[in-house]
Structures are given as structure tokens and as C-alpha cells.
Amino acid sequence: MIGELLGDDADYVIQPEPLGTGDAAAWGVGALPPDVMNLVLLGSDSPLIRLESVRQLIDSHESLGNQMTLLTAADMMAPDLGRIVRNETGQVMDLIEATDWKGDQYDPTEVNAGVYCFERQWLARCLEGLQPTTNGEKYLTSLVSLAASEGHRVDGVASEMPEEIFGVNDRVQLAQVEAVMQWQVIERLMRSGVTVQDPASVYIDADVAIGQDTVIRPNTTLLGRTRIGEDCEIGPNSIIQDSTIASGCRVTASMLEEATLEDGVDVGPFSHLRPGAYLESGVHIGNYVEVKESRLGQGVLAGHFSYLGDASIGAGTNIGAGTITCNFDGKDKHRTEIGHGAFIGCDTLLVAPVSVGSGAATGAGAVVNRDVPDDLLAVGVPARIMTRKPQIDRTDSTE
15 MIGELLGDDA DYVIQPEPLG TGDAAAWGVG ALPPDVMNLV LLGSDSPLIR
65 LESVRQLIDS HESLGNQMTL LTAADMMAPD LGRIVRNETG QVMDLIEATD
115 WKGDQYDPTE VNAGVYCFER QWLARCLEGL QPTTNGEKYL TSLVSLAASE
165 GHRVDGVASE MPEEIFGVND RVQLAQVEAV MQWQVIERLM RSGVTVQDPA
215 SVYIDADVAI GQDTVIRPNT TLLGRTRIGE DCEIGPNSII QDSTIASGCR
265 VTASMLEEAT LEDGVDVGPF SHLRPGAYLE SGVHIGNYVE VKESRLGQGV
315 LAGHFSYLGD ASIGAGTNIG AGTITCNFDG KDKHRTEIGH GAFIGCDTLL
365 VAPVSVGSGA ATGAGAVVNR DVPDDLLAVG VPARIMTRKP QIDRTDSTE
């Protein structure tokens, strides 16, 4: 997984057996180019560590010329982390593991964050002679007292955000870390002009981008690389994954997966846009409508329960309640093509492959299994083509 994220920008070294952090460091140091003078080591179980803290650690280490510098934090109710012991001048002298710490013997309020900066040659020498503990593992924490005993200065750089040191060792800690990350994501969005009405009930992935003055209503989940424009209303009770939503859209109590909405589209409640759904500007999708692998032209209206799959629908077409594109013949999927300004009557079944021309219409309950030319009417089961299409009053086209 790490390889997929970093690609060719990183070299990878595998620790053959999990024999502790000291053993893992030895494998990594041995693979470094010879011109590397200082290096940073941190555990993969601490996803909250900030780049700013690592930079601060490096700056302190290099400016003081230390052999070892470590990131520390206030206790923050972290009973599984080692305690930092300093002398009267503030220099780090020892690190007491949580299992060895006795409250009546030590009272440190500072813990080890598990992020270190080392002078490369000193570290390599120490790792060669590092002895395993009683469980057979070697630990980097043993190097703190070793450096102090050799007369080297060891400094601890205090984190400015103590919660970043939280590690993940079980499902409980995973939930705690995710809660911190969620608040960071939501706080960043709110400070950039997004309204999140109930942060406690909203989940937003870190890669989601949302424009200014958009409102995220309660019980909404935004996943993957979803992009949402300005002045939108999303939710309540909506799930949106890997979708692109332009400005001025409204999504209410609906699910979107890999869908694209142009400006001014409204969806829901209780509709489902599946992968490949593309809604041009001004499209109205009402309740209980499912759209899959279909492009709906500007101003298309589908106000009530319908399935629109593998279809192209021209601008200004009205899709009546109960319309179904019958796109699957039991073996293959087929497309439905509908022109602009068409009127598809209630309960129409469009048996693909089939096309309905621009300005054409279908009667209620029609089963259309042949192409309907422009400006003509198809009625019946199976549908028959009428020579003239009746005039349709569209003074109220929102129903």
C-alpha cells in the first residue's frame, strides 16, 4: 500500500522479522546513501504527526549538533507511552517505558512521541552494539540513556499539538485518532467558509474539497475525492463518494457514486446516482430516481420514481413517473437515446436498444421496443407510432 502511494519516489527496505524498532532502524540505516548525515525515524502507527513538528525537530537537532533529538508531548492521558526524564538543566537523561514507570518513583508529565532525529554515524555505531531486551527485541528508546552516559546532549522538542502523538494499536485507539482527524478536516473547511451544521454527525474524508458558502447538513458522509462547488446544500442524510458537484446544487437524502453534477442541479430526496451519471445544468431529479451510466441534458426533469440506465437524454425532456429504461436483455447492456424536448409518459418502458426523437412523446404505460421519430407519439403495448402528437401543456413542468 505504501508503495502504491509513494511509487518510485521512495526506496523500500523490508524488516525480515519484527524484532523491535532498533532492529528495524538497523535495516533502514544500512540502506541509506553514504552522504546522508542526519535522519528522522518515526513509527507508521502515528498518523497524526504533523510535518511542522518534524521540521521543528530537524531544525533543533541540526542547530544544536546533537547525536539524538526526540519529539515529546504533554502526558495527554497516554499511559502506554514512555516517560521523559530530564535533569535540572532540562537535558533529556532517560526514557522510562510505561511498563517500568512507577508513579511513586517518577512523576514526569512529558511522554515520548516516538519521533527521533539522529546523527547517522553515531546511530549506526550504537545499533551495532544494541542489546535485545528480555523479549528478544531491540528498542530505539534504549539509546536515550546510552547517549547521556556517553556525555552527548539529548534534547526533547515539545509538540505544539499534543494530540498528534496518539498512536494506533487497537480499534479503540483507531477510533480516537479518526475522531481527531475528522475534527481537523471539518475545522479547516468551516474556517474556509463552509457551514457544517452538526459536525458530530458528519463524516468528511481528508481529500474532499468544498467551496465557500456551501452548507453540509446533518448525517452526511462525503468520501474519496469528492469535489463540491460554492453555494450548495448537501444533506441531510446523504452519502456522496468520488463525485463532482458544481455550484448552486442541492442534494437531499440521496446517494451519489462517481457522479457529475453541473451548476444548479437538485437531487432527492431518496435518489441514487450511480457511476457514470452526468447531470447537466438545471437538471431536476426528484424522489426514488436511479441514474446509471447516463447523461441528462440541460433542464431534464425526472421528478418521480424511475430507472435511467445507459441512456442519453436531450435538453428539456420530461421523464414521467415510473419510466424504466430496460437496458439489460439477460446477457448484454443496451443504450436508450432520447432527443431534446421529448415527453416520456408515466410508466413508459423503453426496451433498449431504442431511440425516442426530439419533440416526441410516449403515452402512459407504453412499452416502446422500436424507435420513435421526431415529433411523433408512441402509445400502447407494444407501442404503435401515431402520425400526430397531441399538444402538451407544459406551463407547470415541475410535477
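Residue numbers (our numbering): 15 to 413.
We put the CB at the ideal spot given by N, CA and C, even for glycine.
Excluding sequence positions up to five away, which residues of its chain have a Cβ less than 7 Å from the Cβ of residue i?
i	result
P367	H348, R349
P250	R231, P232, N233, T234, A267
L56	I63, G128, V129
R167	L78, N80, Q105
G278	G262, C263, S295, G296
E31	none
E413	Note that E413 scores 49 on pLDDT, short of 50, meaning its location in the model is unreliable; the coordinates nonetheless yield the value given after this. These residues qualify, in order along the chain: G317.
A422	Because residue 422 is not part of the residues shown, which for the chain are 15 to 413, the question remains open.
G207	Q226, D227
E111	G96, T155
L85	S67, L71, A127, V129, V171, S173
Between which residues of its own chain and residue i is the CB-CB distance below 8 Å, once the five residues before and five after are set aside?
i	result
V43	L53, R134, L137, A138, L141
D388	G353, G371, S372, G373, A374
S163	none
Roughly how many angstroms separate the alpha carbons of residue i and residue j, rounded to a whole number?
i	j	result
S60	S156	20 Å
L160	Q198	38 Å
D227	T148	59 Å
V158	V182	23 Å
P48	D22	20 Å
S419	T35	Not covered by the structure: residue 419. The range shown for the chain is 15 to 413.
I242	S215	19 Å
I254	D221	13 Å
S67	Q145	30 Å
M107	R97	11 Å
W41	C131	16 Å
T258	R239	8 Å
A325	G336	16 Å
V265	G323	20 Å
M400	K306	30 Å
Y26	L33	18 Å
Q29	K152	13 Å
G282	I218	20 Å
V229	T209	5 Å
L95	I248	41 Å
R398	E304	27 Å
R69	S173	11 Å
D184	S58	14 Å
R205	H286	31 Å
N7	Q211	Because the chain spans 15 through 413 in this model, residue 7 falls outside it and cannot be assessed.
Q196	E124	26 Å
D37	G150	10 Å
G394	D245	45 Å
Q187	G165	37 Å
What I want to know is whether the C-beta of residue i ends up closer than 7 Å to one or more non-hydrogen atoms of the ligand MN.
i	result
I110	Absent from the structure shown: the ligand MN. Ligands present: none.
Which same chain residues, not among the five before or five after residue i, have their C-beta less than 6 Å away from its C-beta?
i	result
A88	P176
G317	G300
P213	I200
G359	G334, T376, G377, A378
H298	D280, L315
D343	none
L363	I338, C340, V381
F284	A267, N301, Y302
V50	R134
E178	L62, I63, R64
A223	R241
If residue i and residue j are in contact, beta carbons under 8 Å, what's the gap, nearest whole angstrom?
i	j	result
A39	L203	Going by Cβ atoms, the distance from A39 to L203 rounds to 38 Å, so no, they are not a contact pair.
A392	G373	At roughly 13 Å, the Cβ-Cβ gap does not stay under 8 Å, so A392 and G373 are not in contact.
L46	V171	That pair is no contact at about 23 Å.
D385	S369	5 Å
S74	D169	6 Å
L237	D256	7 Å
Could you pull the DSSP bridge partners for residue i from this structure?
i	result
C386	In the sequence as presented, Cys is not what sits at residue 386; that position holds Val. DSSP output for V386 lists V370 as bridge partner(s).
L293	L275, L310
S320	V303
Q255	L237, E271
H298	D280, L315
R414	Only positions 15 to 413 of the chain appear in this structure, which leaves residue 414 out of reach.
F132	L53, M82
M400	L391
T350	A325, V368
Discussion item. Three Cβ pairs or more, each shorter than 8 Å: is that satisfied between the segment 71-84 and the segment 191-207?
Written reply: no
Discussion item. Whether or not the segment 288-298 and the segment 268-277 are in contact is what I'm after, with contact meaning three or more pairs of Cβ atoms, one per stretch, closer than 8 Å; do they touch?
Written reply: yes
Discussion item. If contact is defined by three or more beta carbon pairs under 8 Å, each pair taking one atom from either stretch, is the segment 329-337 in contact with the segment 298-313?
Written reply: yes
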